[in-house]
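What follows is one structure encoded as structure tokens, with my remarks underneath.
Number of protein chains: 2
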Amino acid sequence: MDSTIIYGKNAVIEALEKGEREFNKILISNSVHSDTKIEHIKELARRQGIVYQFVSKEKMNTLEPDGKHQGVIAQIAPIKYVELEDFIEKHKGELSSVVVLDGVEDSHNVGAIMRSCVCAGIKGIIIPSRRGVLVNSTVEKTSAGAVNHIDIIKTNSLVNAIQKLKENDYWVIASDHHAEHNHFDIDYTDMNFVIIMGAEHAGISKSLLKLADFRVKIPMLTNFNSLNVSNATAIILFEYVSQFCKKNKKENKNG
Amino acid sequence: MDSTIIYGKNAVIEALEKGEREFNKILISNSVHSDTKIEHIKELARRQGIVYQFVSKEKMNTLEPDGKHQGVIAQIAPIKYVELEDFIEKHKGELSSVVVLDGVEDSHNVGAIMRSCVCAGIKGIIIPSRRGVLVNSTVEKTSAGAVNHIDIIKTNSLVNAIQKLKENDYWVIASDHHAEHNHFDIDYTDMNFVIIMGAEHAGISKSLLKLADFRVKIPMLTNFNSLNVSNATAIILFEYVSQFCKKNKKENKNG
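What follows is the structure, encoded as structure tokens:
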């Protein structure tokens with residue numbers, strides 16, 4: 001079968017527990033000392049009827065040359081990207097939220113952003129098919145399994161995708177350090193929203209900025225205006241989470 | 001002289017503009033096409049009387065084997081760590097703030113955290129001499145020059161350092177996902193504070209947790225409780241920034 005790899009103990013455990021990915025087999029280095037995590041992987045594999053086998057360190061390093069596999073590599077089916085139309089349909093009738101990555105090129109950043117999105121309860125992530133990073137092994141690893149907990153939509157045209165979301169009652173927020181409003185000036189809790197994040201140096205493309213209903217910046221307390229893009233995304237998403245928690249608390253008090 | 005390297009166009013420009021680091025010389029790859037950034041580096045070097053020379057790609061790759069130098073490597077004096085006593089003295093009479101990294105081991109995370117700290121106006125970062133990461137080339141690079149804009153304190157004992165800060169009227173906040181309070185329940189704007197961040201899996205050591213005046217968690221909207229440590233740090237720091245901005249706006253209105 002067409003396959004990809006995931007590696008690292010936590011990433012493999014996550015994928016096994018979630019059970020959404022089809023496993024081909026699991027390779028365990030025969031030179032790594034077993035520990036509770038590796039035993040857990042073997043137990044999960046046995047229960048699910050997934051083959052695991054012990055291979056040499058050299059074989060492991062050929063499959064994952066950066067040497068970050070921690071002695072465990074799983075060969076699995078590639079992630080299933082979701083169609084935008086299906087995504088919109090699935091989340092009709094509830095408040096929904098999407099993060100759009102416009103040209104973010106560092107796999108570590110994309111992986112970390114996916115973790116933050118899942119923690120913040122974001123429903124989907126849209127990435128461009130050509131500019132930026134697709135879901136590769138590094139993204140899977142740095143996402144700590146988050147790729148299995150969120151709908152990932154791949155599109156040839158971010159412009160068309162965002163327009164489609166606007167037509168379906170999503171409000172579009174662009175992160176732009178020239179913006180007048182701060183990210184905490186928006187009330188995120190009563191609308192479907194799309195947050196567009198741009199590449200660290202280039203920012204968001206003009207054609208996407210034009211589609212924004214709101215532009216927001218993250219204020220800085222010094223002139224050193226240079227947040228890492230995954231940190232900037234986390235800051236905005238958790239402003240939404242804070243608002244959500246505060247509102248819920250208030251409603252529980254009043255109700 | 002004892003020296004270290006920094007690499008990448010932006011990191012070198014930052015260090016030249018800040019002017020706080022003693023340069024030995026700048027090496028430029030003779031196989032890289034010049035652009036405005038490289039011309040800017042040459043111009044800054046000329047003005048400051050710093051030697052630059054063109055060397056082969058092979059020589060560059062020997063000095064920085066990951067190949068992320070973008071054609072520019074500077075040999076500079078190592079960063080000067082600051083003594084805790086001097087730091088405390090320097091910031092007496094103003095509101096001060098410190099981030100403590102307890103065993104954070106990934107250089108990319110440490111670099112990204114330093115960027116966020118500088119953007120948020122944090123005055124100092126404390127790292128342990130033995131557990132965790134010192135300021136190496138990867139930290140310098142991923143910090144995008146932030147290491148030159150903040151006091152970095154290296155200590156043999158985080159416990160002693162935090163106790164010293166407590167004696168000097170700093171309040172200690174520990175990030176702990178078992179905490180009862182949310183990170184936004186604290187008012188950061190009217191005190192000197194220390195925020196302790198722990199390693200992603202191990203968390204904060206017990207001996208440090210005991211010293212905390214407040215323990216705070218970042219609430220999640222799903223069960224996927226797994227933020228990247230640099231993202232978690234950014235979320236807490238920018239809660240402080242938001243509070244600071246809102247308070248300032250209110251005071252300006254009232255005054």
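Protein chains in written order, with the numbering used here: chain A, 1 to 255; chain B, 1 to 255. Yeah, the Cβ is synthetic: ideal placement off N, Cα and C, and Gly gets one too.
In whole angstroms, give me the CA-to-CA distance for residue i and residue j.
| i | j | result |
| --- | --- | --- |
| A/Ser-34 | B/His-201 | 18 Å |
| A/Ser-205 | A/Asp-102 | 7 Å |
| A/Glu-140 | A/Ile-6 | 6 Å |
| A/Asn-169 | A/Gly-93 | It is worth fixing the name first, because residue 169 of chain A is Asp in this sequence and not Asn. Rounded to the nearest angstrom, the two C-alpha atoms are 11 Å apart. |
| A/Leu-134 | A/Ile-127 | 7 Å |
| B/Gly-203 | A/Ile-41 | 23 Å |
| A/Ala-161 | A/Ile-196 | 12 Å |
| B/Ala-256 | A/Ile-88 | Outside the displayed span of chain B (1 to 255) sits residue 256 of chain B, for which this structure offers no information. |
| A/Arg-215 | A/Val-82 | 27 Å |
| A/Lys-166 | A/Thr-155 | 16 Å |
| A/Val-172 | B/Arg-131 | 44 Å |
| A/Pro-65 | B/Lys-57 | 23 Å |
| B/Ile-38 | B/His-91 | 37 Å |
| A/Val-51 | A/Ile-28 | 11 Å |
| B/Gln-243 | B/Gly-8 | 35 Å |
| A/Leu-16 | B/Glu-251 | 53 Å |
| A/Asn-254 | B/Val-159 | 44 Å |
| B/Leu-221 | A/Asp-187 | 17 Å |
| B/Thr-138 | B/Ile-150 | 17 Å |
| A/Asn-30 | A/Arg-47 | 21 Å |
| B/Gly-67 | A/Asn-10 | 29 Å |
| B/Phe-238 | B/Glu-14 | 23 Å |
| B/Ala-45 | B/Gly-121 | 29 Å |
| B/Val-12 | A/Ser-230 | 23 Å |
Pick from the options: whose alpha carbon is nearest that of residue i?
| i | options | result |
| --- | --- | --- |
| A/Cys-119 | A/Ser-143, A/Met-220, A/Asn-192, A/Ile-88 | A/Ser-143 |
| A/Glu-180 | A/Cys-245, A/Ile-218, A/Glu-20 | A/Ile-218 |
| A/Lys-123 | A/Ser-226, A/Glu-14, A/Asn-148, A/Thr-222 | A/Asn-148 |
| B/Asp-176 | B/Asn-225, B/Glu-251, B/Ser-107, B/Ala-11 | B/Asn-225 |
| A/His-69 | A/Ile-26, A/Glu-43, A/Glu-105 | A/Ile-26 |
| A/Leu-84 | A/Leu-221, A/Tyr-188, A/Ile-152, A/Lys-246 | A/Ile-152 |
| A/Asn-223 | B/Val-12, B/Lys-247, B/Arg-115 | B/Arg-115 |
| A/Arg-21 | A/Val-32, A/Thr-4, A/Asn-30 | A/Thr-4 |
| B/Lys-80 | B/Lys-247, B/Asn-136, B/Asp-185, B/Val-241 | B/Asn-136 |
| B/Lys-246 | A/His-178, A/Asp-185, A/Thr-62, A/Ala-174 | A/Asp-185 |
| A/Met-60 | A/Val-32, A/Val-104, A/Ala-45 | A/Val-32 |
Can you pull the chain A neighbours of residue i, defined as C-beta to C-beta under 7 Å?
| i | result |
| --- | --- |
| B/Gly-121 | Leu-221, Thr-222 |
| B/Ile-218 | Phe-238 |
| B/Ile-235 | Ala-234, Ile-235, Phe-238 |
Listing by chain order, which chain B residues have their CB less than 8 Å from the CB of residue i?
| i | result |
| --- | --- |
| A/Ala-112 | Asn-228, Ser-230, Asn-231 |
| A/His-108 | His-108 |
| A/Phe-149 | The sequence given here has His at residue 149 of chain A, not Phe. Residues of chain B passing the Cβ test: Thr-222, Phe-224. |
Applying a beta-carbon distance threshold of less than 9 Å, which residues of chain B neighbour residue i?
| i | result |
| --- | --- |
| A/Ser-137 | None at all; the shortest Cβ gap to chain B is about 17 Å. |
Please classify residue i as buried or exposed, where buried requires at least 16 neighbouring CB atoms within 10 angstroms.
| i | result |
| --- | --- |
| A/Cys-117 | buried |
| B/Met-1 | At B/Met-1, the pLDDT of 44 sits below 50, so the modelled position is not reliable; the number obtained from the coordinates is stated separately. Exposed. |
| A/Asp-86 | exposed |
| B/Lys-249 | exposed |
| A/His-183 | buried |
| B/Ser-157 | exposed |
| A/Asn-228 | buried |
| B/Phe-54 | exposed |
| B/Ile-163 | Checking the displayed sequence, the identity of residue 163 of chain B turns out to be Gln instead of Ile. With fewer than 16 Cβ atoms within 10 Å of its Cβ, B/Gln-163 is classed as exposed. |
| B/Asp-106 | buried |
| A/Gly-145 | buried |
| B/Glu-43 | exposed |
| A/Gly-19 | exposed |
| B/Ser-129 | exposed |
| B/Gly-49 | exposed |
| A/Gly-71 | buried |
| B/His-178 | exposed |
For residue i, return the contacting residues in chain B, with the cut-off set at a CB-CB distance below 7 Å.
| i | result |
| --- | --- |
| A/Ala-144 | Ser-226 |
| A/Phe-184 | Ser-242 |
| A/Val-118 | Thr-222, Phe-224 |
| A/Ala-202 | Going along chain B, no residue has its Cβ under 7 Å from A/Ala-202, so there is no contact; the nearest lies around 13 Å. |
Identify the contact partners of residue i in chain A, using a Cβ-Cβ distance below 9 Å as the criterion.
| i | result |
| --- | --- |
| B/Arg-115 | Phe-224, Ser-226, Leu-227, Asn-228, Asn-231 |
What does residue i touch in chain A if you count any residue whose Cβ is under 8 Å from its own?
| i | result |
| --- | --- |
| B/His-40 | Near B/His-40 there are no residues of chain A at all, since even the closest Cβ is about 15 Å away, more than 8 Å. |
| B/His-177 | The premise fails here: B/His-177 is roughly 11 Å from chain A at the closest Cβ pair, so nothing lies under 8 Å. |
### Task
Please determine if the stretch 93-102 of chain A and the stretch 186-193 of chain A are in contact, where contact requires at least 3 C-beta pairs separated by less than 8 Å.
yes
### Message
Three Cβ pairs or more, each shorter than 8 Å: is that satisfied between the stretch 229-237 of chain B and the stretch 206-215 of chain B?
### Response
no
### Query
Is the stretch 104-117 of chain A touching the stretch 69-76 of chain A in the sense that three or more CB pairs, one from each, lie closer than 8 Å?
no
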